[in-house]
Amino acid sequence: MALPQPERLRGELRPLVERAVSSVGFDLEDIEVRQAGRRRLVRVVVDADTGVGLDDIAVLSRRISAELDQHDAVLGGPYTLEVTSPGVDRPLTLPRHWRRSKLRLVEVALNDAAGFTGRVGPAGDDTVLMLVDGRMRELRYADVKRASVVVEFRHPPEYELRALAEAEEAKADRDDLGEVAEEHK
1 MALPQPERLR GELRPLVERA VSSVGFDLED IEVRQAGRRR LVRVVVDADT
51 GVGLDDIAVL SRRISAELDQ HDAVLGGPYT LEVTSPGVDR PLTLPRHWRR
101 SKLRLVEVAL NDAAGFTGRV GPAGDDTVLM LVDGRMRELR YADVKRASVV
151 VEFRHPPEYE LRALAEAEEA KADRDDLGEV AEEHK
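So in UniProt numbering, spot 4 of the sequence shown is number 4, and the numbers just go up one at a time.
Have a look at this one:
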């Protein structure tokens, strides 16, 4: 069964756009292609550990546009390019999303229907440490059904930031001890 036109285009564009985005150190989060009158609208969502500023968007727009222009047969006509960063309401679906949300308040729904709100601490490849109701909780990404950042209009409480910093330091110490133990085997 053939893919619908926008999905086929999205699949063909992804490696081209990803090459342009990664060449300047950013991550491609999403591509959306839809018809907008006589043109196609190509919406590209990018992110980075350091965030994405307006100057970054300008550089990325030029790189992506140059790449698309070299492969104009893929789009088959005029297009409008929109480059943006993910909004705060973007779901946290990958470890890098959790790392980038460090110290942010996150609402989590678990696969077993339970849920909670907590502050994000150190995030690894499979788990994240969170401060939930004053206690540290290790959360496996595989157990998360949905997670998103809660918009806060105040700075996080100092005691929460201290607790997360101490937990991160303790985790680093444990990791260092584990590496030393591995070296002595």
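C-beta atoms are modelled at their ideal positions from N, C-alpha and C, and glycine is treated no differently. Note that the structure is a prediction, hence the values are computed from the model and not measured.
Residue i versus residue j: straight-line alpha-carbon distance, rounded
i           : j           : result
residue 232 : residue 85  : Outside the shown range of the chain, which is 1 to 185, sits residue 232, and nothing can be said about it.
residue 144 : residue 19  : 30 Å
residue 141 : residue 125 : 9 Å
residue 16  : residue 139 : 35 Å
residue 127 : residue 37  : 45 Å
residue 6   : residue 157 : 45 Å
residue 26  : residue 132 : 31 Å
residue 49  : residue 31  : 19 Å
residue 107 : residue 164 : 17 Å
residue 39  : residue 8   : 17 Å
residue 73  : residue 13  : 11 Å
residue 3   : residue 22  : Note that residue 3 scores 49 on pLDDT, short of 50, meaning its location in the model is unreliable; the coordinates nonetheless yield the value given after this. If you take the alpha carbons of residue 3 and residue 22, they lie about 26 Å apart.
residue 63  : residue 75  : 16 Å
residue 174 : residue 67  : 45 Å
residue 161 : residue 56  : 29 Å
residue 33  : residue 43  : 6 Å
residue 51  : residue 152 : 18 Å
Exposure label - residue i; buried when at least 16 CB within 10 Å
i           : result
residue 88  : exposed
residue 47  : buried
residue 147 : buried
residue 192 : A query on residue 192 cannot be resolved here, the shown segment of the chain reaching from 1 to 185 and no further.
residue 118 : buried
residue 54  : exposed
residue 123 : buried
residue 45  : buried
residue 101 : buried
residue 135 : exposed
residue 94  : exposed
residue 150 : exposed
residue 71  : exposed
residue 97  : buried
Where the alpha helix (DSSP H) through residue i begins and ends
i          : result
residue 14 : 5 to 22
CB contact check: residue i to chain D, cutoff 8 Å
i          : result
residue 40 : Among the chains of the structure shown, chain D does not appear; only one protein chain is present.
Endpoints, the beta strand (DSSP E) within which residue i is located
i           : result
residue 27  : 27 to 36
residue 120 : 115 to 123
residue 133 : First-last for residue 133: undefined, no H or E at that position.
residue 47  : 39 to 47
Checklist entry - Would you call the segment 69 to 79 and the segment 103 to 116 in contact, with 3 or more CB pairs under 8 Å? => result no
Item to check | Runs of beta strand (DSSP E) wholly within the segment 52 to 113 (minimum 3 residues, chain order) | outcome: 79 to 84 and 105 to 110
Item to check | Segments assigned beta strand (DSSP E), at least 3 residues, entirely inside the segment 144 to 177 | outcome: 144 to 149
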